[in-house]
Amino acid sequence: MIITLQLGAHRPLEDKRAVAATINKLVVEALGVSPDDIFIALIPVPNENFSFGRGELQLADGAPRW
Numbered sequence: 064m065i066i067t068l069q070l071g072a073h074r075p076l077e078d079k080r081a082v083a084a085t086i087n088k089l090v091v092e093a094l095g096v097s098p099d100d101i102f103i104a105l106i107p108v109p110n111e112n113f114s115f116g117r118g119e120l121q122l123a124d125g126a127p128r129w
């Protein structure tokens, strides 16, 4: 099983480890697959590339505009 997650590039390694472990645990519990059969790809995306609606890149200039 392959799971791909896009996340902000600013996330620290400890957050990435925690989310990978949590995803693995939940998939094992929900689907009954072996934890060794789950491949997780964390894809870092620069914050300036996120749009949270209205077609705007709210984080492109630093602080969010909301």
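Under my numbering, the letters of the sequence shown match residues 64 to 129, in that order. Glycine is no exception: its CB is placed at the ideal position from the N, C-alpha and C atoms. All figures in this text were calculated on a predicted structure; none of them were measured in a lab.
Could you check where the beta strand (DSSP E) with residue i kicks off and where it finishes?
{"i": "Val-108", "result": "102-108"}
Is the separation between the beta-carbon of residue i and that of residue j shorter than 8 Å?
{"i": "Ala-123", "j": "Glu-111", "result": "yes"}
{"i": "Pro-109", "j": "Ala-84", "result": "no"}
{"i": "Val-91", "j": "Met-64", "result": "no"}
Quick one: measure Cβ to Cβ for residue i and residue j, integer angstroms, because I've assumed they're closer than 8 Å.
{"i": "Leu-76", "j": "Leu-105", "result": "Not a contact, Cβ separation roughly 10 Å."}
Return helix, strand or coil for residue i, following the three-state DSSP convention.
{"i": "Leu-76", "result": "helix"}
{"i": "Leu-120", "result": "coil"}
Against chain C, does residue i count as a neighbour if the rule is that its beta carbon must be under 8 Å from one of theirs?
{"i": "Leu-68", "result": "Judged by its chain identifiers, the structure shown contains no chain C, having just a single protein chain."}
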